[in-house]
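In our numbering, the protein residues as written are -14 to 191. Note that the Cβ used here is the ideal one computed from N, Cα and C, for glycine as well. See structure below.
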Amino acid sequence: MPNWTSNILRVTGPRLSRLAFANSMYQAASEQGLAGSAFTYAEVLPMPEILRGTRSPLPRTEEQVRRDAFEYGWSEETLEFNLKHCMTISDQEKYEEIGRQTGFLNWYDWACEVWGTKWDASESVFLGDTPRGLSYRFDSPWCAPIPVVDAFALKYPDLKFTLSFVHEGEKRRHRYIGNPGKAAVAIVANEQRKTKEFSQLILHPI
C-alpha cells in the first residue's frame, strides 16, 4: 500500500467562473461513475481510453523470456510457464499503436507523468463554496498531483488554484499555486513523446 498525501484544493476568482468549474467537475465525476460531489483529474486531464487495461510493466517478449531462462538457469517448468504469459506479436502491435497515439506504453507511466501520481483522486469531498472560494479535499498516493493543478490553471485563466497538501508521516503542510506556463510546456513534451520509436522500447526496454 502507498503512503497517502492529503490534499485540499482551493479555487478562487469570479463567482460565475467558479460555478462553471464546479459544474464541469460534477459532470466529469458523473461520467467517471463517481458521486456527484467527487473530484477527478479527468475533468482536465482524462486518461486516454486506449491505455485502460494495459499492463505495467509490459509483458516480456519470447526473446526476453528465453534470455532470462538461460541467464538464471530456469527449470523447463518455469520456462514453459513464462512462455505462456509472454508478449505475442499481436500484443507488440497493440502496444506500438498505444505508444503512437498517447506517447506512453501503459496507464502507469502515463498517470505518473501526466497527473504526477499513479491514481486518480481518492476519498474526495466537495467542501463547499463560500465568498472566499470553493474547495475540495482528496487523497493521492505518494505525492500531490502538481501537474493537474497546473492544467487547471491553464484551462481556467481567470481562476486561482491553490493546493495545500501534507504527506503521510509528516507534519509540515506544503502549498502550491497552479502555474499555467508549466502546463503548456508539459503539453508540448507529451506530444513530442509520440515521435518515439516504440517498437524498440518494447523489444529492448531500458
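Per-residue burial, ASN(-8) [other beta carbons within 10 Å of its own, 16 or more giving buried]: Here residue -8 refers to the residue found at position 7 of the sequence shown. Buried: at least 16 other Cβ atoms inside 10 Å.
Going by the C-beta, is ALA174 closer than 7 Å to any heavy atom of the ligand MN? Annotation note on the ligand MN: not contained in the displayed structure, which lists no ligands.
Between which two residues does the beta strand (DSSP E) containing TYR121 stretch? Start at 1 with the first residue of the sequence shown, and residue 121 comes out as number 136. Note, TYR121: beta strand (DSSP E), 118 to 126.
Among the residues of its own chain, which have a CB less than 7 Å from the CB of ASN(-12), if the five just before and after it don't count? For the purposes of this step, residue -12 is taken as residue 3 along the sequence shown, with counting starting at 1. Same-chain partners within the cutoff: TRP127, HIS152, GLU153 and GLY154.
If I'm right that LEU144 touches VAL(-4) with Cβ under 8 Å, what's the distance once you round it to whole angstroms? Sequence index remark: in the sequence shown, residue 144 carries index 159 (1-based). Sequence index remark: in the sequence shown, residue -4 carries index 11 (1-based). At roughly 6 Å, the Cβ-Cβ gap stays under 8 Å, so LEU144 and VAL(-4) are in contact.
Below 8 Å, how does it come out for the segment 16 to 35 and the segment 131 to 139: are there three or more Cβ pairs, yes or no? yes
Give the C-beta separation of THR194 and SER125 to the nearest angstrom, bearing in mind that I take them to be a contact with Cβ-Cβ under 8 Å. Limits of the chain in this structure are -14 at one end and 191 at the other, which puts residue 194 out of reach.
Of all the alpha helix (DSSP H) runs that stay within the bounds of the segment 140 to 186, which reach a length of 4 or more residues? Those alpha helix (DSSP H) runs which fall completely within the segment 140 to 186 and span 4+ residues are 165 to 178.
In the DSSP assignment, find the unbroken alpha helix (DSSP H) run with ASP105 in it and report its ends. Position 120 of the sequence shown, counted from the start, is the residue given in the question as residue 105. Taken as a continuous stretch (DSSP letters only), ASP105 belongs to no alpha helix (DSSP H), as it is neither H nor E.
Just the C-alpha distance for LEU(-6) and ARG122, rounded to the nearest angstrom, thanks. For the purposes of this step, residue -6 is taken as residue 9 along the sequence shown, with counting starting at 1. For the purposes of this step, residue 122 is taken as residue 137 along the sequence shown, with counting starting at 1. Approximately 6 Å between the Cα atoms of the pair.
Going straight from the alpha carbon of GLN49 to that of TYR80, what length do you get? Position 64 of the sequence shown, counted from the first residue, corresponds to residue 49. Position 95 of the sequence shown, counted from the first residue, corresponds to residue 80. If you take the alpha carbons of GLN49 and TYR80, they lie about 16 Å apart.
Using 8 Å as the threshold, is the C-beta distance between CYS71 and THR46 below it? Counting from one through the sequence shown, the residue named residue 71 turns up at place 86. Counting from one through the sequence shown, the residue named residue 46 turns up at place 61. Yes, the Cβ-Cβ distance between CYS71 and THR46 is below 8 Å.
Tell whether a beta-carbon distance below 8 Å holds between LYS179 and GLY58. Working through the sequence shown from its first residue, we reach residue 179 at position 194. Working through the sequence shown from its first residue, we reach residue 58 at position 73. Result no, Cβ atoms of LYS179 and GLY58 do not sit closer than 8 Å.
Are PHE192 and THR25 closer than 8 Å when you measure CB to CB? This structure cannot speak to residue 192, because the chain is shown only from -14 to 191.
Beta strand (DSSP E) runs wholly inside the segment 9 to 38, at least 3 long, in chain order: none
Label SER109 either buried or exposed according to how many other C-beta atoms from any shown protein chain fall within 10 Å of its C-beta, with 16 as the threshold for buried. In the sequence shown, the residue the question calls residue 109 occupies position 124. Result: buried.
With DSSP run on the structure shown, which of helix, strand or coil describes ILE191? Translated into positions along the sequence shown, residue 191 becomes position 206. Because the pLDDT at ILE191 is just 45, under 50, the model does not fix this residue reliably, and the point stays unresolved.
The alpha helix (DSSP H) with ASN67 in it runs from where to where? Walking along the sequence shown from the start, residue 67 turns up at place 82. It spans 61 to 69 - the alpha helix (DSSP H) in which ASN67 sits, taken as one unbroken run.
Does PHE146 have its Cβ less than 8 Å from a Cβ in chain D? Protein chain content of the structure displayed is limited to a single chain, and chain D is not contained in it.
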